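Peer 1: First the structure, then my questions, so here it is.
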Amino acid sequence: LSNIPESKSNCRDQELHVRHIQYTEWPDHSAPLKTAGALEIHREIFNNPRQYPLIIHCSAGVGRTCTIVGAELMLERISARQFHTATDIVRIMRRARAGAVQKAVQFLFMHYIVLEVFCQEGVVSNENPLMASFRENYELVIAKAEQIRMARKAKDLLKVAQNKRRVKVGEMENCPT
Numbered sequence: 026l027s028n029i030p031e032s033k034s035n036c037r038d039q040e041l042h043v044r045h046i047q048y049t050e051w052p053d054h055s056a057p058l059k060t061a062g063a064l065e066i067h068r069e070i071f072n073n074p075r076q077y078p079l080i081i082h083c084s085a086g087v088g089r090t091c092t093i094v095g096a097e098l099m100l101e102r103i104s105a106r107q108f109h110t111a112t113d114i115v116r117i118m119r120r121a122r123a124g125a126v127q128k129a130v131q132f133l134f135m136h137y138i139v140l141e142v143f144c145q146e147g148v149v150s151n152e153n154p155l156m157a158s159f160r161e162n163y164e165l166v167i168a169k170a171e172q173i174r175m176a177r178k179a180k181d182l183l184k185v186a187q188n189k190r191r192v193k194v195g196e197m198e199n200c201p202t
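Each residue of the sequence shown is one higher than the one before, starting from 26 at the first, in the numbering used here.
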């Protein structure tokens with residue numbers, strides 16, 4: 026997680042403040058192994074003065090972005106005693122952003138963020154055996170998801186290599202230039 030210095034811009038005689046936080050260790054179409062970076066983003070969101078707009082965005086704006094937004098919505102709804110399931114929250118987000126939360130591991134990571142916030146706030150004990158079990162199982166799921174992702178990547182690279190062998194490069198006869 027890198028914190029890019031705050032910058033100012035003048036737009037139509039109005040000064041805008043932008044704070045850019047970049048989370049570079051979150052793989053696309055997946056989820057991080059640990060919650061530390063996401064929890065740091067949560068603290069930034071929680072401590073964000075409400076007079077400034079908050080923008081969260083990843084490359085496509087659906088996977089990583091909506092995972093963070095989904096966790097924040099879950100926490101906000103729980104805090105306001107407006108209970109919704111995580112599935113309901115993803116469904117609500119998908120009305121505004123098709124494909125929100127792309128992968129099952131991202132959906133699971135939403136829950137992991139919420140549980141870790143609960144641990145930090147003392148709602149759930151950090152020593153709770155169920156938390157330890159969740160963390161352990163989460164790591165196994167991420168390891169398996171990474172194996173699958175790497176196998177798909179290798180398969181795709183093999184297809185590209187096979188296609189390159191089939192393609193012949195050269196001049197075409199009777200081709201107008």
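A virtual CB, placed ideally from N, CA and C, is assigned to each residue, including glycine.
In this text the structure is predicted, and so the values were computed from the model without any measurement.
Give the DSSP-derived three-state secondary structure of H45 in the structure shown.
Peer 2: Taking the sequence shown and counting its residues from 1, the one referred to as residue 45 is at position 20. Of the three classes helix, strand and coil, the one that applies to H45 here is strand, per DSSP.
Peer 1: Using beta-carbon positions only, say whether F134 and A61 come within less than 7 Å of one another.
Peer 2: The residue labelled residue 134 in the question sits at position 109 within the sequence shown. The residue labelled residue 61 in the question sits at position 36 within the sequence shown. Not in contact: F134 and A61 (Cβ atoms no closer than 7 Å).
Peer 1: From the DSSP output, in three-state form, read off Q172 for me.
Peer 2: The residue given as residue 172 occupies position 147 in the sequence shown. Note: Q172 maps to helix in three-state DSSP.
Peer 1: When you compare the region 34-49 with the region 107-126, are there three or more beta-carbon pairs, one atom per stretch, that lie closer than 8 Å?
Peer 2: The region 34-49 is not in contact with the region 107-126.
Peer 1: Please list the terminal residues of the continuous alpha helix (DSSP H) segment that includes C91.
Peer 2: The sequence position of residue 91 within the sequence shown is 66, counting from 1. Unbroken alpha helix (DSSP H) run through C91: 89-104.
Peer 1: Helix, strand or coil for Q39, going by three-state DSSP, please let me know.
Peer 2: Position 14 of the sequence shown, counted from the start, is the residue given in the question as residue 39. The answer is strand: DSSP assigns Q39 an E or B state.
Peer 1: Would you mind working out which of G95, K128, I138 sits nearest I117, comparing C-alpha positions?
Peer 2: Along the sequence shown, one-based indexing puts residue 117 at 92. Of the candidates G95, K128, I138, the one whose C-alpha sits nearest the C-alpha of I117 is G95.
Peer 1: Quick check: G88 and Q47, are their CB atoms within less than 7 Å of each other?
Peer 2: Residue 88 sits at position 63 when you count from the first residue of the sequence shown. Residue 47 sits at position 22 when you count from the first residue of the sequence shown. No, the pair does not count as a contact, with Cβ atoms beyond the cut-off.
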